[in-house]
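Q:
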Amino acid sequence: MLQPKTYPRIVGQALTLEPAPFVEMTDDDNPWIEGLFLVFVIGLAVAFARLIGGLLLTASLPLPDSVLEAIVTAIKQSLLGVAVDQTQAEVLLRQLWPWITTSLQYGSGWLRMLTLIATPLLYICQWLGYGILCHLVARLLGGSGSTGQTLGVIALSLAPRLLLVAMVIPFVSVSGLLVHGWGILIAYRGLEVAHDLPPARAAGAALAPLALGAIVLLTVTFAALTLSALTGGGA
């Protein structure tokens with residue numbers, strides 16, 4: 000059973016792709032429980048950082064409504080003499096504004112408190128979905144690890160998301176490509192250790208869920224565009 004005080008060490012080693020944390024997680028009595036707790040802690044840390052960052056951002060800027068009116072005025076001035084429907088642009092901005100402020104934790108009131116619940120739950124769902132798919136592919140490729148062991152090592156792939164804690168500072172952003180790319184490398188290393196797979200097969204198991212997700216997204220997009228075209232043609 001891993002102790003919470005060892006988490007900083009295993010997270011740091013996982014970030015540098017050292018095999019030790021993956022071996023420890025694989026040999027643990029309940030690796031999936033360790034993984035669940037680790038993912039929850041990471042999600043909670045990111046949520047608190049976003050909450051505090053949102054409060055600081057709100058305190059450092061004018062009220063959201065004032066900012067919205069200033070943006071609308073600037074857009075109207077920039078579109079003078081341009082063949083664009085200014086009213087439609089303004090309506091679209093006003094419709095999107097609540098979503099923009101909520102995503103930035105800017106002046107969203109008590110809604111920002113939902114981040115403390117939503118972020119850990121989102122991370123747990125992503126961890127379970129990605130981990131189970133990786134496990135299925137790894138077993139198809141000849142892997143020998145159990146589901147619990149896979150979930151344990153895949154939990155370490157969320158370690159790069161701790162970089163998002165930097166968002167506690169207003170206006171600071173972290174590259175999503177960096178975070179997810181680093182996470183895939185950690186997942187690859189974990190699958191290699193947990194399933195005793197050669198590097199090529201471990202890489203395939205780590206990338207397969209992403210390829211599947213891309214295929215599903217393209218299929219849904221194509222179906223939606225086809226349906227829209229057929230509906231428009233029928234009209």
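Letter by letter, the sequence shown follows residues 0 to 234 of numbering that gives the first Met the number 0. Built from N, CA and C at the ideal position, the CB exists for glycine as well.
If you measure between the beta carbons of ILE153 and TRP181, is that distance less than 8 Å?
A: No, they are not a contact pair.
Q: On the three-pair Cβ rule with 8 Å, is the segment 135-143 touching the segment 59-67?
A: Result no; under three Cβ-Cβ pairs closer than 8 Å.
Q: Thinking C-alpha only, which one of SER59, GLN2, LEU56 and GLU17 is nearest GLY34?
A: If we check each option's Cα against that of GLY34, GLN2 comes out closest.
Q: Does DSSP put TYR6 in a helix, a strand or coil?
A: In this structure, TYR6 counts as helix in the three-state DSSP scheme.
Q: Express the C-alpha separation of ILE70 and LEU95 in angstroms, rounding to a whole number.
A: Each residue's Cα considered, the two are about 13 Å apart.
Q: Please confirm whether ILE9 and ARG160 have their CB atoms less than 8 Å apart.
A: Cβ distance not < 8 Å, so ILE9 and ARG160 don't count as in contact.
Q: From the DSSP output, in three-state form, read off LEU194 for me.
A: The residue you asked about is not Leu; residue 194 is His in the sequence shown. Coil.
Q: Taking the beta carbon of GLU191 as the centre, do at least 16 other beta carbons fall within 10 Å, making it buried, or is it exposed?
A: GLU191 should be labelled buried.
Q: Just to confirm, is the Cβ distance from ALA205 to ALA186 under 8 Å?
A: Yes, Cβ-Cβ distance for ALA205 and ALA186 is below 8 Å.
Q: Go ahead and pull the three-state DSSP assignment for PRO119.
A: Three-state result, PRO119: helix.
Q: Provide the residue span of the alpha helix (DSSP H) that contains PHE47, from first to last.
A: Per DSSP, PHE47 belongs to the alpha helix (DSSP H) from 30-59.
Q: For PHE170, name the three-state secondary structure that DSSP assigns.
A: Coil.
Q: Report buried or exposed for LEU155, applying the criterion of at least 16 other Cβ atoms within 10 angstroms of its Cβ.
A: By the 10 Å Cβ count, LEU155 comes out buried.
Q: Using only the alpha-carbon positions, how far apart do LEU176 and ILE74 sit?
A: Taking the straight line joining both Cα atoms gives about 31 Å.
Q: Using three-state DSSP, classify MET0 as helix, strand or coil.
A: Residue state, collapsed to three classes: coil.
Q: Between the alpha carbons of HIS235 and LEU55, how many angstroms are there, rounded?
A: A question about residue 235 goes unanswered here, because the residues of the chain that appear run from 0 up to 234.
Q: Looking only at its own chain, which residues have a Cβ that is under 6 Å from the Cβ of ALA13, when we skip the five neighbours before and after it?
A: Around ALA13: PRO20, LEU155, ALA158 and ILE185.
Q: Does GLY11 come out as helix, strand or coil in the three-state DSSP assignment?
A: If DSSP states are grouped into helix, strand and coil, GLY11 belongs with the helices.
Q: What is the C-beta distance between GLY151 and MET24, in whole angstroms, given that I count them as a contact (C-beta under 8 Å)?
A: At roughly 4 Å, the Cβ-Cβ gap stays under 8 Å, so GLY151 and MET24 are in contact.
Q: Output needed for VAL219: all residues of its chain with C-beta closer than 8 Å, excluding positions within five of it in sequence on either side, in chain order.
A: There are no such residues.
Q: Roughly how many angstroms lie between the CA atoms of ILE214 and GLN76, to the nearest whole one?
A: The alpha-carbon atoms of ILE214 and GLN76 are separated by roughly 43 Å.
Q: For SER59, which residues of its own chain have a beta-carbon under 7 Å away from its beta-carbon, when the five flanking residues on both sides are left out?
A: Once the five neighbours on either side are set aside, the close Cβ partners of SER59 are PRO169.
Q: Do LEU92 and GLN85 have their beta-carbon atoms positioned less than 8 Å apart in this structure?
A: No, the Cβ-Cβ distance between GLN85 and LEU92 is not below 8 Å.
Q: Leaving out five residues on either side along the sequence, give the residues of the same chain with a beta carbon under 8 Å from the beta carbon of GLY128.
A: Excluding positions up to five away in sequence, the list reads PRO208.
Q: What's the C-alpha gap between GLU89 and LEU113?
A: Approximately 29 Å between the Cα atoms of the pair.
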